[in-house]
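Undergrad: Could you have a look at this structure, given as structure tokens, before my questions?
In the working numbering, the protein residues as written are 545 to 601.
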């Protein structure tokens, strides 16, 4: 039973890889991580600006 389940999963995976579905999912994931890094960089710049403001002589 588990063996047929596994082959079914492999078939689904191959279908996803060949169709544009996998490309769509991967592009969404990469966009998400790209946005995350952009937000992180923006927060880091804000932190540096605040740090410089508070530590001015």
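A virtual CB, placed ideally from N, CA and C, is assigned to each residue, including glycine. All values reported here derive from a predicted model rather than from experimental measurement.
#1: Taking only three categories from DSSP, how would you classify residue 563?
#2: Just the C-alpha distance for residue 589 and residue 575, rounded to the nearest angstrom, thanks.
#3: How many Å lie between residue 570 and residue 562 at the Cα?
TA: Put simply:
#1: Sequence index remark: in the chain shown, residue 563 carries index 19 (1-based). The answer is coil: DSSP assigns residue 563 none of H, G, I, E or B.
#2: One-based indexing of the chain shown puts residue 589 at position 45. One-based indexing of the chain shown puts residue 575 at position 31. Each residue's Cα considered, the two are about 21 angstroms apart.
#3: Translated into the one-based positions of the chain shown, residue 570 becomes position 26. Translated into the one-based positions of the chain shown, residue 562 becomes position 18. In a straight line, the C-alpha of residue 570 is about 13 angstroms away from that of residue 562.
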